[in-house]
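These protein sequences, in sequence, are chains D and X.
Quick note on the numbering used here: the first sequence kicks off at 195 and runs consecutively.
Quick note on the numbering used here: the second sequence kicks off at 195 and runs consecutively.
All residues carry an ideal CB built from backbone N, CA and C; glycine is no exception.
Source: prediction; values computed, not measured.
There are 2 protein chains.
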Amino acid sequence: MSKPIEVAIVDDHTVLREGLRKLFVEDQKKRFEVIGDFGNGSDFLDYLKKKSCDVVVMDIHMPIRGGESTVELIHKKIPDVSVVILTMNTRNYMMEFMVKLGVYAYLPKESGSEEIKNSVLSARDKKMFFNRLLTAEKYKLIKNGRKEPSGLTLREQFITSLVASGLNTVEIAEKINLSPSTVSKHRENIMKKTQCSNIAELVTFAYQHQILELTPR
Amino acid sequence: MSKPIEVAIVDDHTVLREGLRKLFVEDQKKRFEVIGDFGNGSDFLDYLKKKSCDVVVMDIHMPIRGGESTVELIHKKIPDVSVVILTMNTRNYMMEFMVKLGVYAYLPKESGSEEIKNSVLSARDKKMFFNRLLTAEKYKLIKNGRKEPSGLTLREQFITSLVASGLNTVEIAEKINLSPSTVSKHRENIMKKTQCSNIAELVTFAYQHQILELTPR
DNA sequence: TTTCACATACGTATTTATACGTATTTTTTG
DNA sequence: CAAAAAATACGTATAAATACGTATGTGAAA
Chain D
195 MSKPIEVAIV DDHTVLREGL RKLFVEDQKK RFEVIGDFGN GSDFLDYLKK
245 KSCDVVVMDI HMPIRGGEST VELIHKKIPD VSVVILTMNT RNYMMEFMVK
295 LGVYAYLPKE SGSEEIKNSV LSARDKKMFF NRLLTAEKYK LIKNGRKEPS
345 GLTLREQFIT SLVASGLNTV EIAEKINLSP STVSKHRENI MKKTQCSNIA
395 ELVTFAYQHQ ILELTPR
Chain X
195 MSKPIEVAIV DDHTVLREGL RKLFVEDQKK RFEVIGDFGN GSDFLDYLKK
245 KSCDVVVMDI HMPIRGGEST VELIHKKIPD VSVVILTMNT RNYMMEFMVK
295 LGVYAYLPKE SGSEEIKNSV LSARDKKMFF NRLLTAEKYK LIKNGRKEPS
345 GLTLREQFIT SLVASGLNTV EIAEKINLSP STVSKHRENI MKKTQCSNIA
395 ELVTFAYQHQ ILELTPR
């Protein structure tokens, strides 16, 4: 092992950042160097303007700038930075979205330490890391482009999930860096395709097509 | 400070358990002793059959046995164990549910280290710990009694179910022979009570409170 | 009995969603 | 490469929801 892998951590959960940091710092083989941890995507992107980073371990759900738009920006502007997603959002459409943006691993939050370390090693080498959530089979399916059972495109599914989780058009536009007009047009198309005539019906549609998940109580 | 507080950690996120453990173990004043960490509620309940514990820091969303039923069982059978909730489920109904089961703190996942430690100290002394999510005001409101689990009157629940199933104000008025103004006022009250800020959130609320049922496809 | 929660009802101003049309750019696919 | 599909964006008009205030009748509980 020549030089340690420069790892960044992006998650709004303070304790989890600490846990990840510890995991990398205390690696027996000294393979990692944590170059920073950040509470949102925005801070990390600021960091990247000045300094470098090999692999970033990132959550999706964050305030200010969520994982979606952060990964999108990294993918477009700084493709050298490899992304590993570590999240409790295990929905298929999100995984698909992230895989298409070139992330190298998609880990559920109950992943063990070794799994996380190995995914970072894979990502450093620009190699896909597979696990129970993102299997090689699923990866192939996504890459070979399959038809969505819901009839919605990926973008549409994504916006559906945001509408159904209670954001309005302007909030969605801000969240994923689009013009409100565009979001509005997507919503129009979504309503037509799903044959929903209002938001309430769309939320039910989202639950029934696993675009949203009902957290059991 | 006589003897250290026996703290247990229950969360399905491995890295987060590590982070919490570190936080308690590395306390300057040696006030805590982590007596175990568990990946689900079931394992923790098993532990409690044999050994003791002062305070448990617990997530809600977990496989096998989630926080809801775990806290419910602790509350009924082992009320000596104080519970601190640390979660990303910031929904009011969940907070209300947990407060009614006697948890001493309800922390969002972005809480800082000191906040978490202080909440455990409070819980050890059987004192409520308040923060931006669970304020003293909210706590009073919950304690001084909303009756319905949903907080809604029967009429309001009925109208909620109609709104959530996709009817608009005029359609609802026609369906149950009311003036649209009345329906509108009910809707206003419903939104206030449920603290929903739009229809999408209300639909989710309806599913979560069994006001609506999701028919499997 | 009188207070209180609930259900009823109206008015009004503001915000948000919906439903059209149009058009350019990007990505995918045959 | 060419065609098709998807994603982007704007304008404009109408419909609906939302958030206030106010008021009245009714039945149950303190």
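Are the CB atoms of residue i and residue j nearer to each other than 8 angstroms?
| i | j | result |
| --- | --- | --- |
| D:Ile405 | D:Ser373 | no |
| X:Ala394 | D:Val397 | yes |
| D:Ile336 | D:His380 | no |
| X:Lys255 | D:Met282 | Sequence check: residue 255 of chain X is His here, not Lys. Yes. |
| D:Ile258 | D:Asn234 | yes |
| D:Tyr333 | D:Phe323 | no |
| X:Leu239 | X:Met289 | no |
I need the DSSP call for residue i, collapsed to helix, strand or coil.
| i | result |
| --- | --- |
| X:Tyr300 | strand |
| X:Ser355 | helix |
| D:Gly345 | coil |
| X:Glu200 | strand |
| X:Phe399 | helix |
| D:Ser313 | helix |
| X:Thr281 | strand |
| X:Phe232 | strand |
| D:Glu407 | coil |
Measure the C-alpha to C-alpha separation of residue i and residue j and round it to an integer number of angstroms.
| i | j | result |
| --- | --- | --- |
| X:Ile268 | D:Lys197 | 49 angstroms |
| D:Ser305 | X:His207 | 7 angstroms |
| D:Gln222 | D:Leu210 | 20 angstroms |
| X:Glu212 | X:Ile384 | 42 angstroms |
| D:Val278 | D:Glu309 | 11 angstroms |
| D:Ala330 | D:Asn312 | 16 angstroms |
| D:Thr388 | D:Gly345 | 8 angstroms |
| D:Met292 | X:Glu350 | 41 angstroms |
| X:Glu382 | X:Val364 | 15 angstroms |
| D:Asp253 | X:Phe399 | 26 angstroms |
| D:Ser316 | D:Asp237 | 25 angstroms |
| X:Glu220 | D:Ser375 | 51 angstroms |
| X:Leu242 | D:Ser391 | 52 angstroms |
| X:Glu266 | X:Asp205 | 16 angstroms |
| X:Gln402 | D:Lys224 | 47 angstroms |
Only counting the same chain, and skipping five residues up and downstream in sequence, which positions put a Cβ closer than 8 angstroms to that of residue i?
| i | result |
| --- | --- |
| D:Val201 | Phe218, Phe226, Glu227, Val228, Ile229, Cys247, Asp248, Val249, Val250, Val251, Val314 |
| D:Asn286 | Gln404 |
| D:Lys321 | Tyr298 |
| D:Lys140 | Given a span of 195 to 411 for chain D in the structure shown, any question on residue 140 of chain D remains unanswerable. |
| X:Ser359 | Leu406 |
| D:Lys294 | Ile336, Leu348 |
| D:Arg215 | Ile203, Val228, Asp231 |
Is residue i near the ligand FMN, with its Cβ less than 7 angstroms from a heavy atom?
| i | result |
| --- | --- |
| D:Thr363 | This structure simply doesn't include the ligand FMN, nor any ligand for that matter. |
Might you give, ordered along the chain, the residues of its own chain that have their beta carbon closer than 7 angstroms to the beta carbon of residue i, omitting 5 neighbours on each side?
| i | result |
| --- | --- |
| D:Lys303 | Leu280, Thr281, Met282 |
| X:Arg318 | Ile199, Asp248, Val249, Ser276 |
| D:Asn371 | Ser263 |
For residue i, collect the residues of the same chain with a Cβ closer than 6 angstroms to its Cβ; drop the 5 residues on either side in sequence, then sort them by chain order.
| i | result |
| --- | --- |
| X:Lys386 | none |
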